[in-house]
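Under my numbering, the sequence shown has 241 at position 187, and the numbering climbs by one with no breaks.
We put the beta carbon where it would ideally sit given N, CA and C, even for glycine.
Just so we're clear, the structure is a prediction, and the values are computed from it rather than from any experiment.
A quick write-up on the structure given underneath.
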Amino acid sequence: MDEPVLQSLLSGASVMTAGRGEVLFLQGEPADAFFVVLEGWIKVYRVTPGGDEAVVGIFTDGQNFAEAAAFIDGAYPASGEAVTESRIARIPARHLKKRMAENPEIGLAMLASTSRHLHLLIRQIEQLKAHTGAQRVAEFLSSLTRVESGACMLALPYDKTLIAARLGMKPESLSRAFHRLKGQGVEIKNNVALIDDIERLRNFVDQERAEVIRSGKRG
Numbered sequence: 055m056d057e058p059v060l061q062s063l064l065s066g067a068s069v070m071t072a073g074r075g076e077v078l079f080l081q082g083e084p085a086d087a088f089f090v091v092l093e094g095w096i097k098v099y100r101v102t103p104g105g106d107e108a109v110v111g112i113f114t115d116g117q118n119f120a121e122a123a124a125f126i127d128g129a130y131p132a133s134g135e136a137v138t139e140s141r142i143a144r145i146p147a148r149h150l151k152k153r154m155a156e157n158p159e160i161g162l163a164m165l166a167s168t169s170r171h172l173h174l175l176i177r178q179i180e181q182l183k184a185h186t187g188a189q190r191v192a193e194f195l196s197s198l199t200r201v202e203s204g205a206c207m208l209a210l211p212y213d214k215t216l217i218a219a220r221l222g223m224k225p226e227s228l229s230r231a232f233h234r235l236k237g238q239g240v241e242i243k244n245n246v247a248l249i250d251d252i253e254r255l256r257n258f259v260d261q262e263r264a265e266v267i268r269s270g271k272r273g
C-alpha cells in the first residue's frame with residue numbers, strides 16, 4: 055500500500071506485548087481484530103476433537119494474520135498464541151472496514167494477503183502428502199536463510215516440539231530427520247543449526263523429491 059494509505063490503516067492500531075505462551079485469541083471467539091507481528095513469533099493452531107494441537111501457521115516480524123476472519127465478522131477459526139516474547143500491532147475489525155470503505159487499495163491488499171496465506175496452506179498440504187520427513191526439515195532450514203551457497207549458521211526460531219508440529223511430524227520423527235541430515239552436512243546443537251553448504255542442502259531437497267516421484271511411479 056502507499057504510505058498515506060498504510061498510515062491511515064495503522065492509525066487505529068494499538069501495540070501490545072505478549073509473553074511466551076500468552077494467548078491472543080481463542081478458536082471460536084468473535085474475530086474483532088487482526089494482527090501484525092512487530093517482533094517475535096506467534097503460532098496459530100486448532101485443537102482437534104481428540105484434543106491434539108494442529109499448527110496452522112507460524113508468523114514473525116512484518117507478517118499479519120487473522121485478517122480474513124476480521125473482515126467477515128466471523129469467529130476466529132483457530133487460536134493464536136505467542137511462542138516467544140512478542141510485540142504485536144492489533145487493528146480492530148471496525149477500523150479496518152471503515153478504512154476499506156474510504157480506500158479500495160486496502161481491500162486489494164487484503165485480497166493479496168489472503169491469497170498468499172492460501173498458497174502457503176496448499177504448500178503445507180503438499181509437504182505433508184508428498185515430502186519425506188528429512189525433505190520437510192531441509193526445506194524448513196533453507197527457508198530461514200537468504201544465503202545462496204557456502205556454510206551458514208541458523209538460530210532455530212522456536213523449540214523443536216513446535217518445529218515438529220509445524221512440519222506435521224512427531225518429535226521423534228524430527229530427531230530422525232535431523233540425524234539423516236547429518237549426511238548432508240547439517241549439525242544441530244541445541245537451538246542452532248550448522249550447515250556446511252546450504253546449496254548442497256537445497257539439492258538434497260530436489261533429489262528427495264525426484265526419489266519420491268520415482269517411488270510413486272514404481273508403486
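- DSSP places N257 within a helical segment (H, G or I) once states are collapsed to three.
- The criterion of a C-beta distance shorter than 8 angstroms is satisfied by F79 and Y130.
- Restricting attention to V59, V69, E156 and G128, the CA atom closest to the CA of Q81 is found in G128.
- When C-alpha distances from H233 are compared across A192, A205, V109 and P103, the shortest belongs to A192.
- Under DSSP, P211 forms no beta bridge with any residue.
- With contacts defined as CB atoms closer than 8 angstroms, S133 and W95 fail to qualify as a contacting pair.
- When DSSP states are grouped into helix, strand and coil, K224 belongs to the coil group.
- Residue state for L78 is assigned as strand, using DSSP reduced to three classes.
- Three or more beta-carbon pairs separated by less than 8 angstroms are not found between the region 215-230 and the region 252-260, which leaves the two stretches without contact.
- If only complete runs of 3 or more residues are kept, the region 78-114 shows the beta strand (DSSP E) at 87-93, 96-101 and 107-113, in order along the chain.
- The C-beta distance from K97 to L175 rounds to 15 angstroms, too long to meet the 8 angstroms contact threshold.
- About 7 angstroms separates the beta carbon of N157 from that of S62, a gap short enough to meet the 8 angstroms contact definition.
- With a cutoff of 8 angstroms on beta-carbon distance, T114 and V91 are scored as near each other.
- Here the C-alpha atom of S167 lies approximately 15 angstroms from the C-alpha atom of I126.
- Look at E241 here: in three-state DSSP terms it is strand.
- One thing to note: A143 has its Cβ within 8 angstroms of the Cβ of A67.
- Approximately 6 angstroms separates the beta-carbon atoms of A124 and L150; this is inside 8 angstroms, confirming the contact.
- Spatial neighbours of T102 in its own chain (CB-CB distance under 8 angstroms, excluding positions within 5 residues in sequence) are listed in chain order as A108.
- By alpha-carbon distance to E83, the top candidate from R100, G75, E93 and G73 is R100.
- A129 has P84 as its beta-bridge partners, per DSSP.
- In the DSSP secondary-structure assignment, M70 is bridged to I142.
- Comparing alpha carbon positions, the residue from G204, A247 and A120 closest to R170 is A120.
- Proximity to S197 across K236, A247 and G161 peaks at A247, based on C-alpha coordinates.
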